[in-house]
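Report on the structure given below.
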Amino acid sequence: MPVTPSATPGRKSAPGVRIGGLTVVYRTPAGELPAVSGVDLELPPGTITGVVGESGSGKSTLALSLLNAVQPPGRISAGSVEIDGLGDVVALRGEELRRARGRHVGYVFQAAQNSLNPLKTVGKQLLDLGRSHGVEDLRALVREARDLLGRMGLDGARVLDSYQHELSGGMRQRAGIMFALVLNAHLVVLDEPTTALDMITQATILRIIREVHEERGLTTLVITHDLGVVAEVADRLAVMYGGRLVEQGPTRQVLSDPRHPYTRGLIQAIPRLVGDIGEARALPGRPPTLATVPARGCVFRERCPLRMDVCESEHPPAVAHGTRLVSCHAVEAGAQEHGGEAVAAGAREEQA
Amino acid sequence: MTVIARRLAGHLARGIAMVLVVATISFFIIRNIPGDPIAARYQKLLEQGMSPEAAERATAVMYGFLPSGTLGEQYADYMTGLFRFDLGVSVTNPGTPVTAVLGEAAKWTVLPVLAGTLLSFLVGVIMGVYAAVKRSGVLGDLLAISGSLLHGVPQYVLALLMGAIFTTLIPILPQGGTADILFEPGFNAGYIGSLIEHATLPVVTYALASYGGWILAMKSSVVTVLGDDFILAAELRGMKRSIIFRYVARNAILPLFTILALSLGLLFGGAIFIEKIFNYPGLGFLLIESVVNRDYALMGGAFLLITAAIVVANILADLFYTVIDPRVRSGEEAAT
Numbered sequence: 000m001p002v003t004p005s006a007t008p009g010r011k012s013a014p015g016v017r018i019g020g021l022t023v024v025y026r027t028p029a030g031e032l033p034a035v036s037g038v039d040l041e042l043p044p045g046t047i048t049g050v051v052g053e054s055g056s057g058k059s060t061l062a063l064s065l066l067n068a069v070q071p072p073g074r075i076s077a078g079s080v081e082i083d084g085l086g087d088v089v090a091l092r093g094e095e096l097r098r099a100r101g102r103h104v105g106y107v108f109q110a111a112q113n114s115l116n117p118l119k120t121v122g123k124q125l126l127d128l129g130r131s132h133g134v135e136d137l138r139a140l141v142r143e144a145r146d147l148l149g150r151m152g153l154d155g156a157r158v159l160d161s162y163q164h165e166l167s168g169g170m171r172q173r174a175g176i177m178f179a180l181v182l183n184a185h186l187v188v189l190d191e192p193t194t195a196l197d198m199i200t201q202a203t204i205l206r207i208i209r210e211v212h213e214e215r216g217l218t219t220l221v222i223t224h225d226l227g228v229v230a231e232v233a234d235r236l237a238v239m240y241g242g243r244l245v246e247q248g249p250t251r252q253v254l255s256d257p258r259h260p261y262t263r264g265l266i267q268a269i270p271r272l273v274g275d276i277g278e279a280r281a282l283p284g285r286p287p288t289l290a291t292v293p294a295r296g297c298v299f300r301e302r303c304p305l306r307m308d309v310c311e312s313e314h315p316p317a318v319a320h321g322t323r324l325v326s327c328h329a330v331e332a333g334a335q336e337h338g339g340e341a342v343a344a345g346a347r348e349e350q351a
Numbered sequence: 000m001t002v003i004a005r006r007l008a009g010h011l012a013r014g015i016a017m018v019l020v021v022a023t024i025s026f027f028i029i030r031n032i033p034g035d036p037i038a039a040r041y042q043k044l045l046e047q048g049m050s051p052e053a054a055e056r057a058t059a060v061m062y063g064f065l066p067s068g069t070l071g072e073q074y075a076d077y078m079t080g081l082f083r084f085d086l087g088v089s090v091t092n093p094g095t096p097v098t099a100v101l102g103e104a105a106k107w108t109v110l111p112v113l114a115g116t117l118l119s120f121l122v123g124v125i126m127g128v129y130a131a132v133k134r135s136g137v138l139g140d141l142l143a144i145s146g147s148l149l150h151g152v153p154q155y156v157l158a159l160l161m162g163a164i165f166t167t168l169i170p171i172l173p174q175g176g177t178a179d180i181l182f183e184p185g186f187n188a189g190y191i192g193s194l195i196e197h198a199t200l201p202v203v204t205y206a207l208a209s210y211g212g213w214i215l216a217m218k219s220s221v222v223t224v225l226g227d228d229f230i231l232a233a234e235l236r237g238m239k240r241s242i243i244f245r246y247v248a249r250n251a252i253l254p255l256f257t258i259l260a261l262s263l264g265l266l267f268g269g270a271i272f273i274e275k276i277f278n279y280p281g282l283g284f285l286l287i288e289s290v291v292n293r294d295y296a297l298m299g300g301a302f303l304l305i306t307a308a309i310v311v312a313n314i315l316a317d318l319f320y321t322v323i324d325p326r327v328r329s330g331e332e333a334a335t
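From first to last, the protein sequence lines stand for chains H and Z. Numbering follows numbering that gives the first Met the number 0, in which position 180 of the first sequence is assigned residue number 179; successive positions increment by one, without gaps. Numbering follows numbering that gives the first Met the number 0, in which position 258 of the second sequence is assigned residue number 257; successive positions increment by one, without gaps.
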């Protein structure tokens, strides 16, 4: 990746984020069920962290928690999200919270979603954003937006003059990124930024994310179900399953030498470009839903090839392996030799 | 601009064709109603205690005003008359052109029904937004239930109920008619006050009867928009609540304009039950009278007026959408 010097040296610098013991529950007829349980995750300043998980793993809920924006009937029931220069977001309320959103933390929606008001041009919505945040020089804001869009390869003036339905998926996504950055936020959360885009556009968006991240000196969190996306952009990778982080560490390490049986399963399920299609093996079973996540023990045990007795009763704590954190009893017991050596070797080749 | 002009021309051509088709259908349906105006009148006079001979003499006058010739010839006459805005002559009011009778009745319908529609639209939409925002609370539930209840009660039941309450139980409003005969018709406080007093019950009843539909439609529309991604996106960008509220309101009210345009088209249909019950001499009242009297020309005229009004309302709604919804607008540009 080419690293260009920062185009807009902002007053702010990339903030660090420390998520601690975060638990988010959803109110259901069966009581409050956790979608995110005791998640500890640190986003070092200036890095891109990818969170990977299947649908329903709680990754979007985790992303919304960074803005204290979990939608009812959900709520953050425990834990904290400390953002440098902002404090604990979970404690923010009302106007304070509103001002933090957009100005400190930018949020980019899934590309397939319509994140723009269909009845107003992008430019008018930009002015609404400026007025909401008390921007005095609206002309400068428009100029900044035009530059940002131009930086992403679009005709800025044209995009600002367009309605949502006049833009393609890739253009909308870039407009979304512009909205997240235009107020000079230095923490950016992207929720499924490339889902529903074609391969070429995906590649373009990922390149833009990487470049803008470097240029503006951001701390970035990318939420995705696509390991390819993470491999492409993320410095660090966290794997989420059933509302818990099961493994995290530097992207390259985790992908080339997955420790947790779920991470291994995910990598094994990817069809290879070379070799037999049969080598790709889907994980047996289904991911748990809110209602079926076990309250005690390991969340992955139903589908785990390395299941042990202790998995039934005790949740595996995250244990550090060098730069890596893994939550698995079997890994701790040194049982990984039996199950996944071949897989790990295969994945290493893939990475090389 | 030429695009809109061309669209308008297309609309008008289709609208006129539609009116002609409806005129034809209603002409033949009306002529197939059993009975005829003279028999109807004769019966009525007998019921009023007139002797058969006197009644026969009285009805004989009407022959002069009835259309003559075969059904085909009558149809041809009727259709050629249409192009001169000649809808024929009413037999109930011997000699008066149908257009004049309709014009007189329209005076008593358009304003009250317009007032009732706009009142219910305004209140219903505002309450609908409130019911949507507070949908998990008791007040929201109560509002939605009030909407369902009022929407479910037939207009005539509501009208009878309102009449019973406000003219008999608590006699604060007049029972019917348009104004007290005590006052000289004209632009004076007494007459206008009396007009308003007499219009209150029909207007309020009409508003109550349609309010339920508005609140339910607006509530579901707002709930849908609130669940849209762009609202959450606006929230996550830290937009002010007042701006988000405007986003919601404008997007939610859009589909309601179609319903509003159609109900404005129905202005000329009058509120049949309400006008009958409150003895208010509007178009709905006139329509019932014309059916009872087998006044073919008047019936045809009333139906035609309703048709034309709805066609025009549809055209206006369509043009209005090109102004308020950019998606419709650019669809039009793309079509050229």
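No residue lacks a Cβ here, since even glycine has one placed at the ideal position from N, Cα and C.
Inset, instruction - Measure how close the beta-carbons of L125(H) and L166(H) come, nearest whole angstrom, since I'm counting them as under 8 Å. - result: Along the first sequence, one-based indexing puts residue 125(H) at 126. Along the first sequence, one-based indexing puts residue 166(H) at 167. With 8 Å as the limit, L125(H) and L166(H) do not qualify as a contact, their Cβ atoms being about 14 Å apart.
Legend entry - Through-space distance from L45(Z) to E52(Z), alpha-carbon basis: Stepping through the second sequence from its first residue, residue 52(Z) is reached at position 53. Stepping through the second sequence from its first residue, residue 45(Z) is reached at position 46. Answer to the nearest angstrom: the Cα atoms are 10 Å apart.
Legend entry - G136(Z) versus M217(Z) - alpha carbon distance: Start at 1 with the first residue of the second sequence, and residue 136(Z) comes out as number 137. Start at 1 with the first residue of the second sequence, and residue 217(Z) comes out as number 218. If you take the alpha carbons of G136(Z) and M217(Z), they lie about 17 Å apart.
Legend entry - Span separating the alpha-carbon of V104(H) from that of A233(Z): For the purposes of this step, residue 104(H) is identified with residue 105 of the first sequence, where counting begins at 1. For the purposes of this step, residue 233(Z) is identified with residue 234 of the second sequence, where counting begins at 1. The alpha-carbon atoms of V104(H) and A233(Z) are separated by roughly 13 Å.
Inset, instruction - May I have the straight-line CA-CA distance separating F277(Z) from Q174(Z), to the nearest angstrom? - result: Indexing the second sequence from 1 puts residue 277(Z) at position 278. Indexing the second sequence from 1 puts residue 174(Z) at position 175. Going by the C-alpha atoms only, they are around 6 Å apart.
Legend entry - Residue of V322(Z), L318(Z) and G300(Z) minimising C-alpha distance to V97(Z): Locating residue 97(Z) in the second sequence gives position 98, where the first residue counts as 1. Closest by alpha carbon: G300(Z).
Inset, instruction - May I ask you to list, following chain order, the residues of the segment 126-144 of chain H that have a beta carbon less than 8 Å from some beta carbon of chain Z? - result: D127, L128, R130, S131 and H132
Legend entry - C-beta contact flag for K58(H) and M239(H) at 8 Å: In the first sequence, counting from the first residue as 1, residue 58(H) sits at position 59. In the first sequence, counting from the first residue as 1, residue 239(H) sits at position 240. Their beta carbons are under 8 Å apart, which means K58(H) touches M239(H) by this criterion.
Legend entry - Candidates N67(H), V24(H) and I18(H): closest to T48(H) by CA position: What you label residue 48(H) is simply residue 49 of the first sequence in a count that begins at 1. For the residues N67(H), V24(H) and I18(H), the minimum Cα distance to T48(H) belongs to I18(H).
Inset, instruction - State yes or no: is the beta carbon of I252(Z) nearer than 8 Å to at least one beta carbon in chain H? - result: In the second sequence, residue 252(Z) corresponds to position 253, counting from 1. Chain H contact via Cβ: absent.
Inset, instruction - In angstroms with no decimal places, state the Cα-to-Cα distance between R83(Z) and Y77(Z). - result: Your numbering for residue 83(Z) matches position 84 in the second sequence. Your numbering for residue 77(Z) matches position 78 in the second sequence. Those two C-alpha atoms are separated by around 10 Å.
Inset, instruction - For A184(H), collect the residues of the same chain with a Cβ closer than 7 Å to its Cβ; drop the 5 residues on either side in sequence, then sort them by chain order. - result: Working through the first sequence from its first residue, we reach residue 184(H) at position 185. Cβ within range, chain order: G101, R102, H103, V104 and G105.
Inset, instruction - Anything in chain Z within Cβ reach of H224(H), meaning under 9 Å, just list it in chain order. - result: Counting from 1 along the first sequence, the entry for residue 224(H) is found at position 225. Result: empty, since nearest Cβ-Cβ is about 18 Å, beyond 9 Å.
Inset, instruction - Using beta-carbon positions only, say whether Y210(Z) and S147(Z) come within less than 8 Å of one another. - result: Your numbering for residue 210(Z) matches position 211 in the second sequence. Your numbering for residue 147(Z) matches position 148 in the second sequence. Contact: no.
Inset, instruction - Can you say whether E191(H) is buried or exposed, counting buried as having 16 or more other CB atoms within 10 angstroms of its CB? - result: Position 192 of the first sequence, counted from the start, is the residue given in the question as residue 191(H). With 16 or more other Cβ atoms within 10 Å, it is buried.
Legend entry - Outcome for K119(H) when other beta-carbon atoms lying within 10 angstroms are tallied against a minimum of 16: As a first step, residue 119(H) must be located in the first sequence, where it is residue number 120. With 16 or more other Cβ atoms within 10 Å, it is buried.
Legend entry - Neighbourhood of R302(H) by C-beta, 7 Å cutoff - its chain only, sequence neighbours within 5 removed: Taking the first sequence and counting its residues from 1, one reaches residue 302(H) at position 303. Contacts found: L282, P283 and G284.
Legend entry - Spatial neighbours of H164(H) in its chain, beta-carbon cut-off 8 Å, leaving aside the 5 residues before and after: Taking the first sequence and counting its residues from 1, the one referred to as residue 164(H) is at position 165. Counting only Cβ-Cβ distances below 8 Å, and skipping sequence neighbours, we find P117.
Legend entry - Bounding residues of the alpha helix (DSSP H) (the contiguous stretch that carries S56(H)): Here residue 56(H) is taken as the residue at index 57 of the first sequence, counted from 1. No alpha helix (DSSP H) contains S56(H), which DSSP labels as neither H nor E.
Legend entry - Same chain only: Cβ atoms within 6 Å of E348(H), ignoring 5 sequence neighbours per side: Start at 1 with the first residue of the first sequence, and residue 348(H) comes out as number 349. Since pLDDT at E348(H) reaches only 45, below the 50 mark, its modelled position is unreliable, and the value read off the structure follows with that caveat. Once the five neighbours on either side are set aside, E348(H) has no close Cβ partner at all.
Inset, instruction - Look up D367(H) in the DSSP assignment and give the residues it is bridged to. - result: As displayed, chain H neither begins before 0 nor continues past 351, which places residue 367(H) out of reach and without an answer.
Legend entry - Per DSSP, cross-strand counterpart(s) of L236(H): To locate residue 236(H), count along the first sequence from 1; it is residue 237. According to DSSP, L236(H) bridges with G49(H) and G248(H).
Legend entry - beta strand (DSSP E) runs wholly inside the segment 83-169 of chain Z, at least 3 long, in chain order: none
Inset, instruction - Report the option in R326(Z), Y295(Z) and I309(Z) whose CA atom is closest to the CA atom of F27(Z). - result: Residue mapping note: residue 27(Z) aligns to position 28 of the second sequence, counting from 1. Looking at the Cα atoms, Y295(Z) is the closest of the given residues.
Legend entry - Sequence-distant residues of its chain with Cβ nearer than 6 Å to G84(H) (five each side left out): As a position in the first sequence, residue 84(H) is number 85, starting the count at 1. Correct list, in chain order: P14.
Inset, instruction - Tell whether a beta-carbon distance below 8 Å holds between P355(H) and G242(H). - result: In the structure as shown, chain H starts at 0 and stops at 351, and residue 355(H) therefore has no counterpart that could be examined.
Inset, instruction - May I ask which residues mark the beginning and end of the alpha helix (DSSP H) holding G122(H)? - result: Walking along the first sequence from the start, residue 122(H) turns up at place 123. That run of the alpha helix (DSSP H) goes V121 to S131.
Inset, instruction - Using three-state DSSP, classify E331(H) as helix, strand or coil. - result: Position 332 of the first sequence, counted from the start, is the residue given in the question as residue 331(H). Helix, per DSSP.
Inset, instruction - Would you kindly work out how many angstroms separate the C-alpha atoms of P199(Z) and T167(Z), rounded to a whole number? - result: Within the second sequence, residue 199(Z) is the residue found at index 200, counting from 1. Within the second sequence, residue 167(Z) is the residue found at index 168, counting from 1. One point to set straight first is that residue 199(Z) is Thr, not Pro, in the sequence displayed. So the alpha carbons of these two residues sit roughly 15 Å apart.
Inset, instruction - Identify whether L200(Z) lies in helix, strand or coil by the three-state DSSP scheme. - result: Within the second sequence, numbered from 1, the residue matching residue 200(Z) stands at position 201. The answer is helix: DSSP assigns L200(Z) an H, G or I state.
Inset, instruction - Please say whether I230(Z) and V221(Z) have beta carbons closer to each other than 8 Å? - result: Residue 221(Z) sits at position 222 when you count from the first residue of the second sequence. Residue 230(Z) sits at position 231 when you count from the first residue of the second sequence. Against a cut-off of 8 Å, the Cβ pair of I230(Z) and V221(Z) comes out as no contact.
Inset, instruction - Would you mind telling me which residues of chain H sit closer than 9 Å to I29(Z), beta carbon to beta carbon, in chain order? - result: For the purposes of this step, residue 29(Z) is taken as residue 30 along the second sequence, with counting starting at 1. Residues of chain H passing the Cβ test: none, with the nearest at roughly 45 Å.
Legend entry - Pair within 8 Å by beta-carbon distance, W107(Z) and P254(Z): Walking along the second sequence from the start, residue 107(Z) turns up at place 108. Walking along the second sequence from the start, residue 254(Z) turns up at place 255. No, the Cβ-Cβ distance between W107(Z) and P254(Z) is not below 8 Å.
Legend entry - Short Cβ contact (8 Å threshold) for D214(Z) with G123(Z): Residue mapping note: residue 214(Z) aligns to position 215 of the second sequence, counting from 1. Residue mapping note: residue 123(Z) aligns to position 124 of the second sequence, counting from 1. The question names Asp, but residue 214(Z) in the sequence shown is Ile. In this structure, G123(Z) lies closer than 8 Å to I214(Z) by Cβ.
Legend entry - Beta-carbon gap between V69(H) and V23(H) smaller than 8 Å: Here the question's residue 69(H) lines up with position 70 in the first sequence. Here the question's residue 23(H) lines up with position 24 in the first sequence. For V69(H) and V23(H), yes; Cβs fall inside 8 Å.
Legend entry - Whole-number beta carbon distance between H328(H) and A298(H), since they are thought to touch under 8 Å: Position 299 of the first sequence, counted from the start, is the residue given in the question as residue 298(H). Position 329 of the first sequence, counted from the start, is the residue given in the question as residue 328(H). A quick correction: the sequence has Val, not Ala, at residue 298(H). Actually they do not touch by this definition, with Cβ atoms about 12 Å apart.
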